[in-house]
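Comments concern the structure below.
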């Protein structure tokens, strides 16, 4: 059963005839109905659909927020990459730069490459040759010292980028309660 929203609890009528005990019950009701994207007590995970084969999953593990970007192939859900709260916020902060590069490549034909380090070997990048936003784990090449992509990640096409951003923004609004 879904939790009632905070707004519904705030709409309860308050009158001067209510007792202090009842006011405390309303405050407790408001506090217990805040809309979290997951419930730490029961380990609930939330799955958001970007497209028929790409998903965003949020959950708590060891008291820490995790956001998994996943893909689905042949009815098997594969982990693309997992972002912690700091990486999640960094991806949201870099979003406008990444999308402007993607739009310039897609609509104006400009050649460019933008990459943002989300820490711990995870990068968000846009390459004008592929017309996609790529969130991927990288490793450091021992010979050159340059970061190179691994298979663990997800690439979002131009249509999926807007949906992904809407999902990440809604998750961000929910976790502000933490």
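In my numbering, the protein residues as written are 4 to 181. We treat Cβ as the ideally placed atom computed from N, Cα and C, and that holds for glycine. Since the model is a prediction, treat every value here as computed from it, not as a measurement.
{"Query": "Residue 163, DSSP secondary structure in three states", "Result": "helix"}
{"Query": "Local Cβ density within 10 Å of residue 159, reported as buried at 16 or more and exposed below that", "Result": "buried"}
{"Query": "Among 50, 143 and 104, nearest to residue 82 - alpha-carbon criterion", "Result": "50"}
{"Query": "Where residue 111 sits in the DSSP three-state scheme", "Result": "helix"}
{"Query": "Length of the line joining the Cα atoms of residue 113 and residue 89", "Result": "31 Å"}
{"Query": "Neighbourhood of residue 84 by C-beta distance below 8 Å, restricted to the same chain and skipping five residues each side", "Result": "71, 72, 125, 138, 139, 140, 155, 156 and 157"}
{"Query": "Local Cβ density within 10 Å of residue 110, reported as buried at 16 or more and exposed below that", "Result": "exposed"}
{"Query": "First and last residue of the uninterrupted beta strand (DSSP E) at residue 60", "Result": "57-64"}
{"Query": "Which listed residue (144, 166 and 106) has its alpha carbon closest to that of residue 57", "Result": "166"}
{"Query": "Residue nearest to residue 168 in terms of C-alpha spacing, selected from 142, 153, 146 and 59", "Result": "59"}
{"Query": "N- and C-terminal bounds of the beta strand (DSSP E) containing residue 81", "Result": "79-87"}
{"Query": "DSSP three-state assignment for residue 33, whether helix, strand or coil", "Result": "Summary for residue 33: the model assigns pLDDT 39, below 50, so the residue's position carries little reliability, and this model does not support an answer."}
{"Query": "Helix, strand or coil at residue 151 according to DSSP, with G and I counted as helix", "Result": "strand"}
{"Query": "C-alpha distance - residue 67 paired with residue 61, whole-angstrom precision", "Result": "11 Å"}
{"Query": "Best match in 93, 172, 55 and 86 for proximity to residue 77 [C-alpha to C-alpha]", "Result": "55"}
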